[in-house]
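I have placed the structure first, in the form of structure tokens, so that the comments after it can refer back to it.
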Amino acid sequence: MTVTTASAPGKIILFGEHAVVYGHPALAVPVHEVQATCRIEPLPAGAGVVIAAPDINFAAPLSAAPEDNPLAAAVRHTLAACPPTLPINARITVTADIPVARGLGSGAAIATAVVKALGQYVGRALPPQQIADIVFAVEKIHHGTPSGIDNTVIAFGQPVFFQKGRPLQRLAVGRPLTLVIGDTGIKSQTRKVVGNLRRRRDADKPRYDGWFQLMGRLAPAARQAIEAGQVARIADYMAQNHALLQQIGVSSDELDRLVRAALEAGALGAKLSGAGRGGNMIALVEDNRAFEVTQALQRAGAAQTIVTTVGSSAKK
Ligand code: PMV
Numbered sequence: 668m669t670v671t672t673a674s675a676p677g678k679i680i681l682f683g684e685h686a687v688v689y690g691h692p693a694l695a696v697p698v699h700e701v702q703a704t705c706r707i708e709p710l711p712a713g714a715g716v717v718i719a720a721p722d723i724n725f726a727a728p729l730s731a732a733p734e735d736n737p738l739a740a741a742v743r744h745t746l747a748a749c750p751p752t753l754p755i756n757a758r759i760t761v762t763a764d765i766p767v768a769r770g771l772g773s774g775a776a777i778a779t780a781v782v783k784a785l786g787q788y789v790g791r792a793l794p795p796q797q798i799a800d801i802v803f804a805v806e807k808i809h810h811g812t813p814s815g816i817d818n819t820v821i822a823f824g825q826p827v828f829f830q831k832g833r834p835l836q837r838l839a840v841g842r843p844l845t846l847v848i849g850d851t852g853i854k855s856q857t858r859k860v861v862g863n864l865r866r867r868r869d870a871d872k873p874r875y876d877g878w879f880q881l882m883g884r885l886a887p888a889a890r891q892a893i894e895a896g897q898v899a900r901i902a903d904y905m906a907q908n909h910a911l912l913q914q915i916g917v918s919s920d921e922l923d924r925l926v927r928a929a930l931e932a933g934a935l936g937a938k939l940s941g942a943g944r945g946g947n948m949i950a951l952v953e954d955n956r957a958f959e960v961t962q963a964l965q966r967a968g969a970a971q972t973i974v975t976t977v978g979s980s981a982k983k
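Listed below in structure tokens is the structure:
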């Protein structure tokens, strides 16, 4: 056995978050500027499997890790899917520079890196759909009812048009899009935001389902605009999507402030991205405005900013 490493990108949702949980389509793209990495190195016979996450000072034998530990779950699900011929003795170490609980898919990225690396380590390069399925099983431990969009976009590492229960469709990008991601610095638990929204929706189904339907229509329209490289149309759909996300109660003062700051600094369009109530927003910019928009977001209180290009083959 030789040392094996694998990485997975972060992700952002461009259109359709929350509506996707209710069966509507959504668009998501990988963010290659942030990565989770898994390194597997052999240990002497009898040592067993040790899992380690030095970023959070965690290390434990796999056999002692609780059922609901996501790192252990990723390892166990992968070993169940591709059982090794001999017992494994290895240290599995994960590291990531993806901010946690900000809608950048850190959990799914870490699990994806583990599944990929471990598959390779036992001599099986798993196909992206199988990786996505294993990561989905891991995501369910802490996310309750995930739509499946995070694990899918991260396992495939490509822009996707995603709808629950339907075969994955790739999203072609007609003209590279420059996005500035602004982090409110506020941690947001997707499970909580999704659960609270479900309660509000159950109390007033017609209104909420109407909003979800409108968001669901934006996703295919935005897909067309992205494929055609029509940035003004994309920007308009972002504004509409953000307004709908405000209606369903998942924006926040901090997110709205960053969205406003980006638009005032010349962004073409902006919206929150992911679960909301904290986490990230995204701004679509002309290349030559990325710096100004980044500075404006920082002045408006962004804890972190990332500039990413969607649809460029350049990867970190
Ligand atoms: O993990 P986040 O913050 O990007 O949120 C995921 C998007 C939701 O639509 C809110 C939930 C889901 O499972 O799709």
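So in our numbering, the last one in the sequence shown is 983, and the numbering has no gaps at all.
Here a beta-carbon is modelled for each residue, glycine too, at the ideal position from N, C-alpha and C.
Predicted, not measured: the structure shown is a model, and the values here were computed from it.
{"Check": "Quick one: what does DSSP say Met948 is sitting in, helix, strand or coil?", "Outcome": "strand"}
{"Check": "Out of Val917, Leu785, Leu738, Gln962, which one is the CA nearest neighbour of Ser773?", "Outcome": "Leu738"}
{"Check": "Relative to the alpha-carbon of Val701, which residue among Arg769, Val688, Ser730, Pro711 has its alpha-carbon at the smallest distance?", "Outcome": "Arg769"}
{"Check": "Looking at Ala780 and the ligand PMV, is the gap between the Cβ and the nearest heavy atom below 6 Å?", "Outcome": "no"}
{"Check": "Mark Phe879 as exposed unless 16 or more other C-beta atoms lie within 10 angstroms of its C-beta, in which case mark it buried.", "Outcome": "buried"}
{"Check": "Determine the closest residue to Ala888 out of Gly943, Ala732, Phe828, Ile798, with distance taken between C-alpha atoms.", "Outcome": "Phe828"}
{"Check": "When every heavy atom of the ligand PMV is checked, does at least one fall within less than 6 Å of the C-beta of Ser919?", "Outcome": "no"}
{"Check": "Let's test the definition: count the other Cβ atoms within 10 Å of the Cβ of Asn736 and tell me whether it reaches 16, buried, or not, exposed.", "Outcome": "buried"}
{"Check": "Taking the continuous beta strand (DSSP E) assigned at Gly677, which residues delimit it?", "Outcome": "671-682"}
{"Check": "Who are the Cβ neighbours of Ala886 in its own chain at under 6 Å, not counting the five residues just before and after it?", "Outcome": "Phe682, Gly683, Pro692, Ala693, Leu694"}
{"Check": "Looking only at C-alpha atoms, which of Glu734, Thr672, Arg956, Arg833 sits nearest to Arg706?", "Outcome": "Thr672"}
{"Check": "Is DSSP giving Lys854 helix, strand or coil here?", "Outcome": "coil"}
{"Check": "Report the option in Gln897, Leu785, Gly815 whose CA atom is closest to the CA atom of Pro750.", "Outcome": "Leu785"}
{"Check": "Tell me where the beta strand (DSSP E) around Pro843 begins and ends.", "Outcome": "Segment: none, Pro843 is in no beta strand (DSSP E) and carries neither H nor E."}
{"Check": "Regarding Val687 and the ligand PMV, is the C-beta to nearest heavy atom distance less than 6 Å?", "Outcome": "yes"}
{"Check": "Specify the secondary structure class of His909 as computed by DSSP and reduced to three states.", "Outcome": "helix"}
{"Check": "Assign Val670 to buried or exposed, taking buried as 16 or more other Cβ atoms, counted over all protein chains shown, within 10 Å of its Cβ.", "Outcome": "exposed"}
{"Check": "With hydrogens ignored, establish whether the beta-carbon of Gly941 is closer than 6 Å to any heavy atom of the ligand PMV.", "Outcome": "yes"}
{"Check": "Quick one: is Asp920 buried, meaning 16 or more other Cβ sit within 10 Å of its Cβ, or exposed?", "Outcome": "exposed"}
{"Check": "Given 8 Å as the limit, is there contact between the stretch 779-796 and the stretch 742-758, that is, 3 or more CB pairs closer than that?", "Outcome": "yes"}
{"Check": "Give the straight-line distance between the Cα atoms of Gly936 and Ile901, rounded to the nearest whole angstrom.", "Outcome": "8 Å"}
{"Check": "If I follow the unbroken beta strand (DSSP E) through Lys938, where does it start and stop?", "Outcome": "936-940"}
{"Check": "Considering Ile723, what are the terminal residues of the alpha helix (DSSP H) in which it resides?", "Outcome": "Where Ile723 is concerned, there is no enclosing alpha helix (DSSP H), given that its DSSP letter is neither H nor E."}
{"Check": "For Gly877, name the three-state secondary structure that DSSP assigns.", "Outcome": "helix"}
{"Check": "Just the Cα atoms here: how many angstroms apart are Gln894 and Leu835?", "Outcome": "Correcting the residue identity first, residue 894 is Glu in this sequence and not Gln. Distance between the alpha carbons of Glu894 and Leu835: 16 Å."}
{"Check": "Report yes or no: do the stretch 840-851 and the stretch 716-729 share at least 3 C-beta pairs separated by less than 8 Å?", "Outcome": "no"}
{"Check": "Check whether the Cβ of Pro813 sits closer than 6 Å to any heavy atom of the ligand PMV, and report yes or no.", "Outcome": "yes"}
{"Check": "In whole angstroms, what is the alpha-carbon distance linking Val952 and Glu708?", "Outcome": "42 Å"}
{"Check": "By Cβ distance below 6 Å, which residues in the same chain neighbour Lys982 in space, the five residues on each side in sequence not counted?", "Outcome": "At Lys982 the pLDDT is 43, less than 50, meaning the model places this residue with poor confidence and gives no usable figure here."}
{"Check": "Could you round the C-beta distance between Ala950 and Val820 to whole angstroms and report it? I think they count as a contact, below 8 Å.", "Outcome": "So it is not a contact: roughly 20 Å between Cβ atoms."}
{"Check": "May I have the straight-line CA-CA distance separating Asp850 from Arg867, to the nearest angstrom?", "Outcome": "26 Å"}
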